[in-house]
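Novice: Position in the sequence shown counted from 1, then plus 483, gives you this note's numbering.
Each residue gets a CB set at the ideal place from its N, CA and C atoms; glycine is no exception.
My questions all concern the structure below.
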Amino acid sequence: MHVIGGPGGSELELLLGGQPFEQLAGPVLVVFSGAVTKRSERVPPFFSGRGIAERSEVPFIAISDPALNLAPDLNIAWYAGTQAQDVQSQVETALSPLSERLGRDLWMVGGSAGAFAALELGHRFGRNCSVFVWNPQTDVAEYSPPLVKAYATRAFPSHARDLTGPQWKQKLRDVMSFYGRRRSLLDFLPSHAPARLFYLQSASDWHVQKHCGPYLDAQDYRRLSAGLWARSADQVVWMADTGQGHAPPSTDKVVEILKRLFHTDTTVLQVTHEWRRTELFPAYDTKTCPDDLRPVAAWLERTLEIGLEGASVIASSRTIAPGTGGLRADMGFLDPSGARLGRAAQFPVPGQWTGEMPPGTSQLNISFRDGLDHLLFEHDLKLEGGMTS
484 MHVIGGPGGS ELELLLGGQP FEQLAGPVLV VFSGAVTKRS ERVPPFFSGR GIAERSEVPF
544 IAISDPALNL APDLNIAWYA GTQAQDVQSQ VETALSPLSE RLGRDLWMVG GSAGAFAALE
604 LGHRFGRNCS VFVWNPQTDV AEYSPPLVKA YATRAFPSHA RDLTGPQWKQ KLRDVMSFYG
664 RRRSLLDFLP SHAPARLFYL QSASDWHVQK HCGPYLDAQD YRRLSAGLWA RSADQVVWMA
724 DTGQGHAPPS TDKVVEILKR LFHTDTTVLQ VTHEWRRTEL FPAYDTKTCP DDLRPVAAWL
784 ERTLEIGLEG ASVIASSRTI APGTGGLRAD MGFLDPSGAR LGRAAQFPVP GQWTGEMPPG
844 TSQLNISFRD GLDHLLFEHD LKLEGGMTS
């Protein structure tokens, strides 16, 4: 293990394999860790990627997130730093000589929170690195509130009270911006992108709506086909059946992907087409893949029939197949003045919602969204007979 000192006594702990800093050519992996499991039973530093690198037969650098030293129950910190330590800049400084020497052969790798760090650094280095990530968060504030608040109050203790209040998300954005810590890959990202970027996203993960979709929009990716997006032939986002929900791809798949990506004579897009043809991951109905339905929003609105039947709200259609593009409805309950009384759980469209409405509900505001969380259109539905009691 190697320790790099920083300003104010801050430290960055690295685990090295295969003398990566002496590498003159060929791939080197830099691996960032996601959330630490069984945190209460373990002590820092935490390193990931040794097995992947050894099976891939390349040198590696695994980096432990120093913010996890702040509390024994803190298990996720995105390498986003603290008010006392600029982890993002420290990592950039440590790896800059290697990125200048290796360029696109320096690979930033990680999943989930580690993927946030890999993407963030990848956009800092631009053409002097490559990135492979799976199921990343792209905005820290849009992750699980209890976990984000646990990080925020430990990392920025001078602002802890504000970071647990009703406006905690905006306060977190303000605080991290004040200290120069990047918390989003959407608003403040350099325009340059990594030389090669392969972003693998589980199609059934809620991250599609809150993290992947916004990243596609922010970085001007274009849709090639259902589940496949590209900014160039070497910057690709693929939504695939990698596992249930937020589950990561298997280690075997990660190693297989890395070995194939190391071949520089083939573009990332060509390789992705190859993986789709050979079914690297199980085939699934592409019609139900989360998709951008904005081009057909007007047609969808004309096609849907929305009404009440007893205690059920029904959105039906004779032409829209269930699950198309991840189409779903988000419903709010309103009183006669238009004030919001609550929200219902989302339901797929075509489909129905059945449940108990809050007392005083006189109308419903139904928002229809696609699988990437774009608002397509809204529909107001007044209850017959006035209000619920």
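Considering only residues of the region 587-626, which uninterrupted alpha helix (DSSP H) runs meet the minimum length of 4 residues and lie entirely inside it, listed in chain order?
Specialist: 596-608, all fully within the region 587-626.
Novice: In whole angstroms, give me the CA-to-CA distance for PHE851 and MET840.
Specialist: Near 19 Å, if we compare the C-alpha coordinates of MET840 and PHE851.
Novice: If I'm right that SER493 touches GLN566 with Cβ under 8 Å, what's the distance once you round it to whole angstroms?
Specialist: Going by Cβ atoms, the distance from SER493 to GLN566 rounds to 11 Å, so no, they are not a contact pair.
Novice: Mind the definition here: the region 744-754 touches the region 701-716 only if three or more C-beta pairs lie below 8 Å; say whether that holds.
Specialist: Touching, yes.
Novice: Measuring alpha carbon to alpha carbon, tell me which residue in LEU497, GLU583, LEU581 and PHE639 is nearest ALA560.
Specialist: That would be PHE639, whose Cα lies nearest to the Cα of ALA560.
Novice: Less than 8 Å between the C-beta atoms of GLU603 and HIS694, yes or no?
Specialist: No. Outside cutoff.
Novice: I believe LEU497 touches ILE535 by the beta-carbon criterion, under 8 Å. Please report the beta-carbon distance rounded to the nearest angstrom.
Specialist: With 8 Å as the limit, LEU497 and ILE535 do not qualify as a contact, their Cβ atoms being about 16 Å apart.
Novice: Alpha carbon to alpha carbon, what distance is there between TYR562 and SER667?
Specialist: Spanning the two alpha carbons is a distance of roughly 12 Å.
Novice: Considering only their Cβ atoms, is the gap separating LEU699 from TRP689 smaller than 8 Å?
Specialist: It is not a contact, given that the beta carbons lie outside the stated cut-off.
Novice: Output needed for SER872: all residues of its chain with C-beta closer than 7 Å, excluding positions within five of it in sequence on either side, in chain order.
Specialist: At SER872 the pLDDT is 43, less than 50, meaning the model places this residue with poor confidence; the figure from the coordinates comes in the next sentence. Around SER872: PRO842.
Novice: Distance, Cα to Cα, GLU477 vs GLY808?
Specialist: Nothing in the structure corresponds to residue 477, since the chain is present only between 484 and 872.
Novice: Looking at C-alpha atoms only, which residue of HIS746, ALA804, VAL737 and LEU683 is the closest neighbour of VAL720?
Specialist: Residue LEU683 is the option with its Cα nearest to VAL720.
Novice: Could you name the residues that DSSP lists as bridge partners for ASN848?
Specialist: The partner list for ASN848 (beta bridge, DSSP) reads GLY815 and ASP863.
Novice: Taking three-plus beta-carbon pairs below 8 Å as touching, is the region 780-798 in contact with the region 759-768?
Specialist: No: fewer than three Cβ pairs fall under 8 Å.
Novice: Going straight from the alpha carbon of HIS665 to that of ASP774, what length do you get?
Specialist: The residue you asked about is not His; residue 665 is Arg in the sequence shown. Computed Cα separation, rounded: 28 Å.
Novice: In angstroms with no decimal places, state the Cα-to-Cα distance between ALA812 and THR844.
Specialist: Spanning the two alpha carbons is a distance of roughly 18 Å.
Novice: Have a look at LEU776, ALA827 and LYS770 and flag the residue whose alpha-carbon is nearest the alpha-carbon of VAL796.
Specialist: The shortest Cα separation from VAL796 among LEU776, ALA827 and LYS770 belongs to ALA827.
Novice: Which first and last residues belong to the beta strand (DSSP E) in which PHE515 is found?
Specialist: Counting along the chain, the beta strand (DSSP E) containing PHE515 begins and ends at 511-515.
Novice: Counting along the chain, where does the alpha helix (DSSP H) carrying PHE661 start and finish?
Specialist: Residues 651-661.
Novice: Please state whether DSSP places SER572 in a helix, a strand or coil.
Specialist: Correct three-state label for SER572: helix.
Novice: Near PHE504, what residues of its chain come up, given a Cβ to Cβ distance below 7 Å and the 5 sequence neighbours on each side ignored?
Specialist: Cβ within range, chain order: LEU581.
Novice: Return no unless some Cβ of chain D is closer than 8 Å to the Cβ of ALA596.
Specialist: The structure shown contains no chain D; it is built from a single protein chain.
Novice: Please report how far the alpha carbon of ARG610 lies from the alpha carbon of ASP853, in whole angstroms.
Specialist: Distance between the alpha carbons of ARG610 and ASP853 is about 33 Å.
Novice: Using 8 Å for Cβ pairs, my map puts PRO542 next to GLY500. What's the rounded Cβ distance?
Specialist: 6 Å between Cβ atoms; contact.
Novice: For ARG777 and HIS857, which I take to be in contact (beta-carbon distance under 8 Å), what is that distance rounded to the nearest angstrom?
Specialist: Correct: roughly 5 Å between the Cβ atoms.
Novice: Of the residues ILE487, ARG525 and ARG584, which one's Cα is nearest the Cα of VAL511?
Specialist: Selected option, being the one with the closest Cα: ARG584.
Novice: What whole-angstrom Cβ distance do VAL526 and ASN558 have, given they're in contact under 8 Å?
Specialist: About 12 Å separates the two Cβ atoms, so there is no contact after all.
Novice: Can you tell me whether ASP670 is buried or exposed, with buried defined as 16 or more other CB within 10 angstroms of its CB?
Specialist: It counts as exposed.
Novice: Could you check whether the region 701-711 touches the region 632-650, counting it as contact only if at least three pairs of C-beta atoms, one from each stretch, sit closer than 8 Å?
Specialist: Contact fails: fewer than three Cβ-Cβ distances are below 8 Å.
Novice: Quick one: grab the DSSP three-state call for PHE830.
Specialist: Residue state, collapsed to three classes: strand.
Novice: Identify whether HIS729 lies in helix, strand or coil by the three-state DSSP scheme.
Specialist: Coil.
Novice: According to the neighbour-count rule (16 or more other Cβ atoms, all chains shown, within 10 Å of its Cβ), is PHE661 buried or exposed?
Specialist: Label assigned to PHE661: exposed.
Novice: Looking at the structure shown, is SER667 part of a helix, part of a strand, or coil, going by DSSP?
Specialist: Three-state DSSP puts SER667 in a strand.
Novice: Verify whether the separation of the beta carbon atoms of TRP590 and PHE615 is less than 8 Å.
Specialist: Result yes, Cβ atoms of TRP590 and PHE615 sit closer than 8 Å.
Novice: Using only CA atoms, which one of PRO629, VAL738, ILE849 and ASP556 lies nearest to GLY532?
Specialist: The option with the nearest alpha carbon to GLY532 is VAL738.
Novice: Taking 7 Å as the limit between beta carbons, can you name the residues of its chain near ASP703, skipping five residues before and five after?
Specialist: Cβ within range, chain order: ARG714.
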